[in-house]
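Engineer:
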Amino acid sequence: MKILYTDVLVVGGGLAGLRVGIGAKRRGHDVIILSLVPPKRSHSAAAQGGMQASLANVIKGQGDTEDVHFEDTVRGSDWGADQQVVRMFVNTAPKAVRELAAWGVPWSRVRKGDRDVIINGQKVTITERDEAHGLVAQRDFGGTKKWRTCYVSDGTGHAMLQTMSDQAIGSAIPVRERVEAIALIHDGARCYGAVVRDLITGELVAYVAKATAIASGGAGRLYRVTTNAVICEGIGSALALETGAAALGNMEAVQFHPTAIFPAGILVTEGCRGDGGLLKDADGHRFMPDYEPEKKELASRDVVSRRMEEHILKGKGAKNRFGEHLWLDITLLGEKHIKHNLREVFEICHYFLGVDPVKDFIPVRPAQHYTMGGVRTNHTGESPTLKGLFAAGEAACWDMHGFNRLGGNSVAETVVAGMIVGEYIADFCDKSENDVDIPTRVVHDFLRREQLKLDTLIDGRGTEDASAIKAQMQDLMTARVGIFRRGEDLQAAVDGLQQLLVRSRNIGLKCKARGANPELVTAYRVQKMLKVALTIAYGALTRTESRGAHFRQDYPRRNDAEWLKRTLATWKSEGDALPSLAYEALDVSRMELPPGWRGYGAKDYVDHPDTPKRAAEVEALRQKMADASRFAVQEALMPYASLLPKRYRGRNERIDEPLAAETLETAS
Amino acid sequence: MNDATVTAKAVPVAMPTRNGANGPHRKLAISVLRYNPQERASVPRMQTYRLEEADGMTLFIALNEIREKQDASLQFDFVCRAGICGSCAMVINGRPTLACRTLTKNLPAEITLAPLPFFELIGDLSVNTGKWMRGMSERLEGWLHMKDADPDLRRIEEKMDPELADKIYELDRCIECGCCVAACGTARMRKDFVGAVGLNRVARFRLDPRDARTDADYYDVIGDDDGVFGCMSLLACHDVCPKELPLATQIAFMRRKMVTMGFK
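Quick note, the sequences are listed as chains Z and U, same order. The numbering used here numbers the first residue of the first sequence as 259 and each following residue consecutively. The numbering used here numbers the first residue of the second sequence as 397 and each following residue consecutively.
#1: Are the segment 289–303 of chain Z and the segment 391–408 of chain Z touching by the rule of at least three beta carbon pairs closer than 8 Å?
#2: Between GLU534 of chain U and chain Z, is any beta-carbon pair separated by less than 8 Å?
#3: Taking a contact to mean a Cβ-Cβ separation below 8 Å, would you say ILE376 of chain Z touches LEU591 of chain Z in this structure?
#4: Against chain Z, does TYR614 of chain U count as a neighbour if the rule is that its beta carbon must be under 8 Å from one of theirs?
#5: Do you know offhand how far THR498 of chain U's Cα is from ASP657 of chain Z's?
#6: Check whether the segment 323–339 of chain Z and the segment 363–381 of chain Z touch, using three or more Cβ-Cβ pairs below 8 Å as the test.
#7: In terms of residues, what are the limits of the beta strand (DSSP E) holding GLN513 of chain Z?
#8: Could you check whether the segment 444–452 of chain Z touches the segment 644–658 of chain Z, counting it as contact only if at least three pairs of C-beta atoms, one from each stretch, sit closer than 8 Å?
#9: Return helix, strand or coil for PHE515 of chain U, following the three-state DSSP convention.
#10: With 8 Å as the threshold, decide whether the Cβ of GLY609 of chain Z is near any Cβ in chain U.
#11: Does any C-beta atom of chain U lie closer than 8 Å to the C-beta of ALA274 of chain Z?
#12: Have a look at GLU803 of chain Z and ARG744 of chain Z and give me their C-alpha separation to the nearest angstrom.
#13: Can you find the residues in the same chain that come closer than 8 Å, C-beta to C-beta, to VAL409 of chain U, ignoring five residues on each side of it along the sequence?
#14: So, does the segment 355–367 of chain Z touch the segment 436–445 of chain Z, judging by three or more C-beta pairs under 8 Å?
#15: In chain order, what residues of the same chain have a beta carbon less than 7 Å from the beta carbon of LEU494 of chain U, not counting five sequence neighbours either side?
#16: Using the C-alpha atoms, what's the distance from THR582 of chain U back to GLY400 of chain Z?
#17: So, with DSSP's three-state summary, where would you put ALA886 of chain Z?
#18: Name, in chain order, the residues that DSSP records as bridge partners for VAL463 of chain Z.
#19: What does the alpha-carbon distance come out to for the pair VAL463 of chain Z and ILE261 of chain Z?
#20: Give the interface partners of GLN420 of chain Z over in chain U, defined as CB-CB distance under 7 Å, in chain order.
#21: Can you confirm whether the segment 481–495 of chain Z touches the segment 422–430 of chain Z when touching is taken to mean that 3 or more C-beta pairs between the two stretches lie within less than 8 Å?
#22: Would you verify that the beta carbon of ASP635 of chain U is, or is not, closer than 8 Å to some beta carbon of chain Z?
#23: Using only the alpha-carbon positions, how far apart do GLU893 of chain Z and MET735 of chain Z sit?
#24: So with CB distances below 8 Å, who are the chain Z contacts of THR525 of chain U?
#25: Could you tell me the distance, in whole angstroms, from the CA atom of VAL669 of chain Z to the CA atom of ALA339 of chain Z?
#26: Can you pull the chain Z residues whose beta carbon is under 7 Å from the beta carbon of LEU447 of chain U, in chain order?
#27: Using a Cβ cut-off of 8 Å (strictly closer), state whether LYS200 of chain Z contacts chain U.
#28: Could you pull the start and end residues of the beta strand (DSSP E) that ALA644 of chain U belongs to?
#29: Would the segment 840–852 of chain Z count as touching the segment 327–337 of chain Z if we require 3 or more Cβ pairs under 8 Å?
#30: When Cβ atoms are compared, which residues of the segment 412–444 of chain Z fall closer than 8 Å to chain U?
#31: Helix, strand or coil: how does DSSP classify ASN596 of chain U here?
#32: For the beta strand (DSSP E) that TYR782 of chain Z lies in, which residues bound it at each end?
#33: Is it buried or exposed for TRP760 of chain Z, if we count other Cβ within 10 angstroms and need 16 for buried?
#34: 8 Å is my cut-off, CB to CB: does ILE458 of chain Z come that close to chain U?
#35: Are the beta-carbon atoms belonging to ARG801 of chain Z and TRP821 of chain Z less than 8 Å from one another?
#36: For a contact defined as C-beta to C-beta under 7 Å, what are the partners of VAL475 of chain U on chain Z?
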């Protein structure tokens, strides 16, 4: 059995994994990236709409700063986010866009002068500044006060991933394609790498590493109706869970995107609504202003998705042979805009629906879209309970999205987290005390254990069908752990998933091949997926409040007094039938933005006992420092700069916020 | 019944039926070129699967149904299933294209599927495009060569003409699906031909003012018969490109530039 050694092992070749790898490699460490598929095919490529960064180049973004991006993100999270991590993120996002601009991403650019845009259903002429001409442009997105979402036409993720992958090739980072990590090697306190299966030959190889980074994306395929690619099965999270030491945070926080085409579930970008598209019902009525007069179609995704389902429940859904849906109307944007700025949308409608969105409405309904939860890490990206295990991107919970992510914050997070965690991994590997000292005997034990599991599946006498179990899991998750949740449904889901977990231990295969064998892959993955599904369903059952995307019909209020805390799920022992849940409280007394109303959605919530005091403190400090710079005020409210790697500290220049020469010299 | 006792019921979520809706449907016969080079006993053969068509059925849906219900060993590649990632290119009734966005209703009831030629076969409909693309990219140095390797990220980004940014993106839309190479006459004869995908990559960087390279540098990597002079202008690449990239124009343009370079 083969053992390979490297400094950094990255599980996942999407934006986050590649950027982690590039960062660590640049610091002189050997990096190997594992990827199920050629990295340019990763799900990052499917992010159409854009990447939030407060560059404030366009006129509708004027006045945007890290402060506004911070508040939008925290409100979006329904106060579930770690506010210091959000601060780290919003300060690094402009640097990430600018780095990618230098690396080759063909960001759409500002054109000076007048242009017509659609705002709130009306054609409006806006005038871009001369000095902004040629800078990176921003568009409007849900849940944001300013136009902040940088984009490349509607292929933002694709263009970012091309560039990132190209730079990884240019940095001579090996990417092992068509391989899959199936277990982490660890001793309960320290992670030492992973057991990796070659998906073509079936061979198992142990990759031993000082640092192991999970960057495997989300878990959308736990659901039947999802926008996610077929490889997004949450396996990276499952690997961490199966160590028994690392925890998954906030797994019940699952986002449903308002506009997946019906019934295929393929995403059409939020950019459709950001650019002026409207949601309409069976009568052609624009219904969102009735529910959300402030933000209308551009409230946060959790709110829009709930309003859509609420409207369908009122009998206002359009019907086709697959069921009920609503309409997305982008006809008012005009042919040129649709075929140029929303070309992927045009193609998807054309190929999958036979619909021409220039003339026709698009049938849409919310579908699972994003996993806010993931491997719980601290601000450096490292698991607090399993040394040497890192995570970044959608697979991680460090935790900047809380209970709802804003559109445009996911690709932004992948790159920002890649930058930050890549530096911290390099720091980790720099220290000699973190050298690997695991006996090869232990590595061989892991290899043998995993081989035995595979042999049992192939040669055993199991009778259960893997793909049938997977389909039943997906049905349960979509029907009972969806947008509207109730205790009885969630309990039924937990019960059903537990039965499936038991049955999954008795899977038998029709195809006995030891090399490429899709049925075998489904079999060992579904055993892992069921555990992750249980962290979601059980976490949702236990959380008796509504927050962000987690909405309990039987507990419709956000309850800060009891639930302003992060769920931590661990799987203590292989034979367990349920995850163990623990909670870590968020500290209101240190929040820069104390909990309040989000500015959209329900206005009704239960305050945390510390909130009034902290709110008064913050208000007093703001008044006292009324003449101070926004940077000084922020620093006084919640210092965070020391949490950033030195390389990425410092202010961000804007047209309206030039950087003084001394700032450039003294910062970092 | 062997189902979990708890099953789905009417909670308000999008739940299309798995088999589409009612009504009479065609019987499809999907013939697949099967061969698994990993298994010594395997020999190339055609195998036909029969299934009932469903509303809105794509080859993604059809092939997965075959694998789940009829033949667990069938190999194919899908990732995004939305025409974005380029994983699922295969030869469908004689033409290389993306399977995920091919609706069965646009095909005759008898459908023949084969793996893309030229690329290393993994098994059945699965080919190793990724390995080839990485090799091509390494040969052509297919990444932006920065003029300043360590720009100050705190400063405002360099400006770029908005039209130029759009033009670069137009060429950057390539998804490396491999259709252009699979359809290429030159690639049949020259195993090291970089293909339209490679020439388009070079054209993309040549267009980008952020790239430090000159035509002399590009000539070094594509100024021969495995590069731009190998193209016989058959232009099947242009016809089959699922992203409708302007490949014919780009290759002709690059050839003119490289000829000029060759005479310098």
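By construction, the Cβ of each residue, glycine as well, lies at the ideal position given by its N, Cα and C atoms.
Structural biologist: Looking at the atomic coordinates:
#1: no
#2: Position 138 of the second sequence holds residue 534 of chain U. True, the Cβ-Cβ gap to chain Z drops below 8 Å.
#3: By one-based count along the first sequence, residue 376 of chain Z stands at place 118. By one-based count along the first sequence, residue 591 of chain Z stands at place 333. Taking 8 Å as the Cβ cut-off, ILE376 of chain Z and LEU591 of chain Z qualify as a contacting pair.
#4: Along the second sequence, one-based indexing puts residue 614 of chain U at 218. Cβ-Cβ to chain Z under 8 Å: no for TYR614 of chain U.
#5: Working through the second sequence from its first residue, we reach residue 498 of chain U at position 102. Working through the first sequence from its first residue, we reach residue 657 of chain Z at position 399. When rounded, the distance between both Cα atoms is 40 Å.
#6: no
#7: Here residue 513 of chain Z refers to the residue found at position 255 when the first sequence is read from its first residue. Per DSSP, GLN513 of chain Z belongs to the beta strand (DSSP E) from 512–519.
#8: yes
#9: Within the second sequence, numbered from 1, the residue matching residue 515 of chain U stands at position 119. Coil.
#10: Numbered from 1 along the first sequence, position 351 holds the residue referred to as residue 609 of chain Z. It should be noted that the sequence gives Tyr, not Gly, for residue 609 of chain Z. Answer yes: the Cβ-Cβ gap between TYR609 of chain Z and chain U drops below 8 Å somewhere.
#11: As a first step, residue 274 of chain Z is located in the first sequence; it is residue number 16 there, counting from the start. Chain U contact via Cβ: absent.
#12: Taking the first residue of the first sequence as position 1, residue 803 of chain Z is located at position 545. Taking the first residue of the first sequence as position 1, residue 744 of chain Z is located at position 486. Their Cα atoms are separated by approximately 11 Å.
#13: Against the second sequence, residue 409 of chain U aligns to sequence position 13. Confidence is the limiting factor: at VAL409 of chain U the pLDDT is only 43, short of 50, which leaves the residue's position unreliable, though a coordinate-based value still follows. The answer is none, since no qualifying residue turns up.
#14: no
#15: Indexing the second sequence from 1 puts residue 494 of chain U at position 98. Here the set comprises GLY479, CYS484, ALA485, CYS573 and PRO638.
#16: What you label residue 400 of chain Z is simply residue 142 of the first sequence in a count that begins at 1. What you label residue 582 of chain U is simply residue 186 of the second sequence in a count that begins at 1. Each residue's alpha carbon lies about 49 Å from the other.
#17: Numbered from its first residue, the first sequence carries residue 886 of chain Z at position 628. Looking at ALA886 of chain Z - three-state DSSP - the assignment turns out to be coil, as it is neither helix nor strand.
#18: Here residue 463 of chain Z corresponds to residue number 205 of the first sequence, with the count starting at 1. DSSP, once it has assigned bridges, lists Z:LYS260 and Z:VAL454 as partnering VAL463 of chain Z.
#19: If you number the first sequence from 1, residue 463 of chain Z lands on position 205. If you number the first sequence from 1, residue 261 of chain Z lands on position 3. Near 6 Å, if we compare the C-alpha coordinates of ILE261 of chain Z and VAL463 of chain Z.
#20: Sequence index remark: in the first sequence, residue 420 of chain Z carries index 162 (1-based). Result: ASP568.
#21: no
#22: Position 239 of the second sequence, counted from the start, is the residue given in the question as residue 635 of chain U. Judged by the 8 Å Cβ criterion, ASP635 of chain U is not in contact with chain Z.
#23: Residue 893 of chain Z sits at position 635 when you count from the first residue of the first sequence. Residue 735 of chain Z sits at position 477 when you count from the first residue of the first sequence. Near 43 Å, if we compare the C-alpha coordinates of MET735 of chain Z and GLU893 of chain Z.
#24: Taking the second sequence and counting its residues from 1, the one referred to as residue 525 of chain U is at position 129. Correct list: PRO296.
#25: As a first step, residue 669 of chain Z must be located in the first sequence, where it is residue number 411. As a first step, residue 339 of chain Z must be located in the first sequence, where it is residue number 81. If I take the Cα positions, the gap works out to 17 Å.
#26: Looking up residue 447 of chain U in the second sequence gives position 51. Result: empty, since nearest Cβ-Cβ is about 15 Å, beyond 7 Å.
#27: The displayed coordinates of chain Z run from 259 to 926. Any statement about residue 200 of chain Z would go beyond what the structure contains.
#28: Looking up residue 644 of chain U in the second sequence gives position 248. Note, ALA644 of chain U: premise wrong, no beta strand (DSSP E); alpha helix (DSSP H) at 643–659.
#29: yes
#30: GLY413, HIS416, ALA417, GLN420, THR421, ASP424, GLN425, ILE427, GLY428, VAL433, GLU435 and ARG436
#31: The residue given as residue 596 of chain U occupies position 200 in the second sequence. It is helical.
#32: The count along the first sequence starts at 1 and reaches residue 782 of chain Z at position 524. Premise fails: TYR782 of chain Z lies in the alpha helix (DSSP H), 776–800, not in any beta strand (DSSP E).
#33: For this step, residue 760 of chain Z is matched to residue 502 along the first sequence. First, the residue type needs correcting, since residue 760 of chain Z is Val and not Trp in the sequence shown. Exposed.
#34: To locate residue 458 of chain Z, count along the first sequence from 1; it is residue 200. Interface residue, yes.
#35: Counting from one through the first sequence, the residue named residue 801 of chain Z turns up at place 543. Counting from one through the first sequence, the residue named residue 821 of chain Z turns up at place 563. The answer is yes: Cβ separation under 8 Å.
#36: For the purposes of this step, residue 475 of chain U is identified with residue 79 of the second sequence, where counting begins at 1. What VAL475 of chain U touches in chain Z: VAL295, ARG299, ALA487, VAL488 and ILE489.
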